[in-house]
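Colleague: Can you keep this structure in mind? I'll have questions shortly.
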Amino acid sequence: MREYDVVVIGGGPAGLAACICVKEKGIDSVLILERENQLGGILNQCIHNGFGLHTFKEELTGPEYAKRFIDRAEELSIEYKLNTTVTDISTDKIVSYMNSTEGFVQIKAGAIILAMGCRERPRGALNIPGLRPAGIYSAGTAQRLVNMDGFMPGREVVILGSGDIGLIMARRMTLEGAKVNVVAEIMPYSGGLKRNIVQCLDDFNIPLKLSHTVVKIEGKERVEGVVLAKVDENLLPIAGSEEHYSCDTLLLSVGLIPENEISKSTGITLSNITNGPVVNDSFETSIPGIFACGNVLHVHDLVDFVCEEAKAAGKHAVKYLKTSKNVGAFDIKIKTSNGVRYTVPQFINPEDMDDKVVIRFRVANIYKDMYESIYVDDRRVIHKKRQILAPGEMETLNIKKSDVAGASSVLVTLEEN
Amino acid sequence: MEVKTLTCIRCPMGCLMSVHVENNKVVSVSGNTCKRGDTYAKKEVTDPVRTVTSTIKVSGGDIAQVSCKTSTDVKKDRVMDVMRALKGVKTTAPVSIGDVLIKDVAGTGVDIIATKDIRKINRK
Numbered sequence: 001m002r003e004y005d006v007v008v009i010g011g012g013p014a015g016l017a018a019c020i021c022v023k024e025k026g027i028d029s030v031l032i033l034e035r036e037n038q039l040g041g042i043l044n045q046c047i048h049n050g051f052g053l054h055t056f057k058e059e060l061t062g063p064e065y066a067k068r069f070i071d072r073a074e075e076l077s078i079e080y081k082l083n084t085t086v087t088d089i090s091t092d093k094i095v096s097y098m099n100s101t102e103g104f105v106q107i108k109a110g111a112i113i114l115a116m117g118c119r120e121r122p123r124g125a126l127n128i129p130g131l132r133p134a135g136i137y138s139a140g141t142a143q144r145l146v147n148m149d150g151f152m153p154g155r156e157v158v159i160l161g162s163g164d165i166g167l168i169m170a171r172r173m174t175l176e177g178a179k180v181n182v183v184a185e186i187m188p189y190s191g192g193l194k195r196n197i198v199q200c201l202d203d204f205n206i207p208l209k210l211s212h213t214v215v216k217i218e219g220k221e222r223v224e225g226v227v228l229a230k231v232d233e234n235l236l237p238i239a240g241s242e243e244h245y246s247c248d249t250l251l252l253s254v255g256l257i258p259e260n261e262i263s264k265s266t267g268i269t270l271s272n273i274t275n276g277p278v279v280n281d282s283f284e285t286s287i288p289g290i291f292a293c294g295n296v297l298h299v300h301d302l303v304d305f306v307c308e309e310a311k312a313a314g315k316h317a318v319k320y321l322k323t324s325k326n327v328g329a330f331d332i333k334i335k336t337s338n339g340v341r342y343t344v345p346q347f348i349n350p351e352d353m354d355d356k357v358v359i360r361f362r363v364a365n366i367y368k369d370m371y372e373s374i375y376v377d378d379r380r381v382i383h384k385k386r387q388i389l390a391p392g393e394m395e396t397l398n399i400k401k402s403d404v405a406g407a408s409s410v411l412v413t414l415e416e417n
Numbered sequence: 001m002e003v004k005t006l007t008c009i010r011c012p013m014g015c016l017m018s019v020h021v022e023n024n025k026v027v028s029v030s031g032n033t034c035k036r037g038d039t040y041a042k043k044e045v046t047d048p049v050r051t052v053t054s055t056i057k058v059s060g061g062d063i064a065q066v067s068c069k070t071s072t073d074v075k076k077d078r079v080m081d082v083m084r085a086l087k088g089v090k091t092t093a094p095v096s097i098g099d100v101l102i103k104d105v106a107g108t109g110v111d112i113i114a115t116k117d118i119r120k121i122n123r124k
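Line order of the protein sequences matches chains B and C. Numbering (UniProt numbering) for the first sequence: 1 to 417. Numbering (UniProt numbering) for the second sequence: 1 to 124.
What follows is the structure, given as structure tokens:
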């Protein structure tokens, strides 16, 4: 059986950034397994600009951003296989994959980095009544059709959900000559970035209806229209508030789910909030030597943060190989309260942690003028004022090793003062 | 004096800014957290501009379409003119990032450049 020091599952931004870091740290025997026919992952279909301000200090489109990482991977002669699907990962780190040239192959890895990304929540998860006509697409599928395959899914569009992909597609479909009638969002706030509401909806006078959802899809062979209704505070449709919108296409931008079918069958512990693996501050999952980063770990808003996280995962994978022990124990579970939905990492290990660890988290609601606080035991070590907090925007706090020394509990919370 | 509120689109922070305008001139900008916001606000209330990104068909390549963008911003009210000028345009592989695909698109003085490498493949 062929052996590699590090096998990375997925050749998108997370996989590339992680593998580049591993190789730069002197580990030569690395392999990226990618299911698509090119590296770069979802960035290849994200042709809009606005990527990379954080990392490269300039505004890039998705393919340009991906190119920076692909070029670096080529420079480092990182081995990768395209059109290759991983079917299984065992607890002793044997990776099974398939492709049309090699057939079914098993390889042994010293460490594994999971970077499979995420996928879109489908119509089936929404329980919208109606028949099953053509013309209902997830926003990302429509994005792929328009941007990569050169195919317009329809001419008159309604979008359900105001996540970033939905907003970006509202603009893209409009630019390509379609009419986007409305974007409906069941929550009282948008799940997308504010700047996307401005430049994708406001620029084209596309209305955003908050606290609205689709209660009926009309049409038998093809979508002919949808009925929107206002929802109450329990997100239930209010009778009498129905409004009809004609359309031949309904795009769904209703959330992303980390793609963890393989992780699950390996027996890796998953979080029921993030739907990604539970990790410690080394980005190590519940199985020693298997690491996770990027959207497979938790859904990010910005690829810059994906790459930052992936780099850290790569660094810790190298540390694991060199010490061949569990790099970070699952010592302290980071507790959350008062509107903090989750943290990544979920566990922290005061003994072996880096001097500085980034705690990423999301909040459950819109909050104004609140403080983000971290308590170590009963001591408040971080107290950071935020003018506005929203579920659609990931928050980060840096915790120092010196702050957690000798601690027995860590709490991340929101406070009014 | 007129006060306009704007959400900055220069980065994902999306700062909410107040722009004070007097006689069509920006007097002050507040609410921004960096210089980019200040520049954007001044430009947005007097002469709004956008980068346009789209795709162009490509023949003989490993992918059917090449993604592209305007080399610099164009005036906001010219965005749809740029899109119309892209219709029906075809290019041939290979294409490299930064290649000029259309010069002076729709008379804006701005070029359309490729944002992706397309390799040439020999189809039998």
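Glycine included, C-beta positions come from ideal geometry on N, C-alpha and C. Everything numeric in this text was worked out from a predicted model, so none of it was measured.
So with CB distances below 8 Å, who are the chain C contacts of B:V147?
Modeller: A quick correction: the sequence has Asn, not Val, at residue 147 of chain B. Correct list: T55, Q65, S67.
Colleague: If you draw a straight line from the alpha carbon of B:E259 to that of C:G14, how long is it in whole angstroms?
Modeller: Rounded to the nearest angstrom, the two C-alpha atoms are 29 Å apart.
Colleague: Is B:Q346 close to chain C, meaning its C-beta is less than 7 Å from at least one C-beta of that chain?
Modeller: Not an interface residue.
Colleague: Beta-carbon of B:N49 versus every beta-carbon of chain C: anything under 7 Å?
Modeller: Yes, its Cβ sits closer than 7 Å to a Cβ of chain C.
Colleague: Would you call the stretch 290-310 of chain B in contact with the stretch 110-120 of chain B, where contact means no fewer than 3 C-beta pairs closer than 8 Å?
Modeller: Contact between the stretch 290-310 of chain B and the stretch 110-120 of chain B is present, because at least three Cβ pairs lie under 8 Å.
Colleague: Which residues share a DSSP beta bridge with C:A114?
Modeller: C:A114 is bridged to C:C68.
Colleague: Can you tell me the Cα-Cα spacing of C:I113 and B:K319, whole angstroms?
Modeller: Straight-line Cα distance between these residues: approximately 42 Å.
Colleague: Fully enclosed by the stretch 231-255 of chain B, which beta strand (DSSP E) runs are 3 residues long or longer?
Modeller: You should have 243-246, 249-252.
Colleague: Using a Cβ-Cβ distance under 7 Å, would B:R72 count as near chain C?
Modeller: Not one chain C Cβ lies under 7 Å of B:R72.
Colleague: Shorter than 7 Å from the beta carbon of C:C11 to some beta carbon of chain B?
Modeller: Judged by the 7 Å Cβ criterion, C:C11 is in contact with chain B.
Colleague: Quick one: using the 10 Å Cβ neighbour count with 16 as the cut-off for buried, is B:P207 buried or exposed?
Modeller: The residue is exposed, with fewer than 16 neighbouring Cβ atoms inside 10 Å.
Colleague: How is B:R121 classed by DSSP in three states: helix, strand or coil?
Modeller: B:R121: coil per DSSP, three-state reduction.
Colleague: Can you find the residues in the same chain that come closer than 7 Å, C-beta to C-beta, to B:R144, ignoring five residues on each side of it along the sequence?
Modeller: The residues are Q45.
Colleague: Residue range of the beta strand (DSSP E) that B:K179 falls in?
Modeller: Segment 179-185, the beta strand (DSSP E) holding B:K179.
Colleague: According to DSSP, simplified to helix, strand and coil, what is C:S54?
Modeller: C:S54: strand per DSSP, three-state reduction.
Colleague: Less than 7 Å between C-beta atoms, sequence neighbours within five positions excluded: which residues of the same chain meet that for C:S28?
Modeller: Hits under 7 Å: H20.
Colleague: Could you list which residues in chain B have their beta carbon closer than 7 Å to that of C:K116, in chain order?
Modeller: Neighbours of C:K116 on chain B, chain order: P63.
Colleague: Per DSSP, what kind of secondary structure is B:A170 in: helix, strand or coil?
Modeller: B:A170: helix per DSSP, three-state reduction.
Colleague: Would you call the CB atoms of C:T115 and C:S67 closer than 7 Å?
Modeller: Yes, the pair counts as a contact, with Cβ atoms nearer than the cut-off.
Colleague: Would B:G11 pass as an interface residue toward chain C - the criterion being a Cβ-Cβ separation below 7 Å?
Modeller: No - not a single Cβ of chain C is within 7 Å of the one on B:G11.
Colleague: What does the alpha-carbon distance come out to for the pair B:K194 and B:F51?
Modeller: Rounded to the nearest angstrom, the two C-alpha atoms are 15 Å apart.
Colleague: Counting only beta-carbon atoms, is C:I97 nearer than 7 Å to chain B?
Modeller: Answer yes: the Cβ-Cβ gap between C:I97 and chain B drops below 7 Å somewhere.
Colleague: Taking the alpha-carbon positions, what's the B:L256 to B:G163 distance?
Modeller: Taking the straight line joining both Cα atoms gives about 9 Å.
Colleague: Is the Cβ of B:L397 closer than 7 Å to any Cβ of chain C?
Modeller: Not one chain C Cβ lies under 7 Å of B:L397.
Colleague: Establish whether the CB of B:R144 and some CB of chain C are separated by less than 7 Å.
Modeller: No - not a single Cβ of chain C is within 7 Å of the one on B:R144.
Colleague: Any beta carbon of chain B sitting closer than 7 Å to that of C:G61?
Modeller: No, C:G61 lies away from the interface with chain B (no Cβ there is under 7 Å from its Cβ).
Colleague: Within 10 angstroms of the Cβ of C:K3, are there 16 or more other Cβ atoms? Answer buried if so, exposed if not.
Modeller: Contrary to the premise, residue 3 of chain C reads as Val rather than Lys in this sequence. It counts as exposed.
Colleague: In whole angstroms, what is the alpha-carbon distance linking B:K220 and B:Y245?
Modeller: Roughly 16 Å between the two C-alpha positions.
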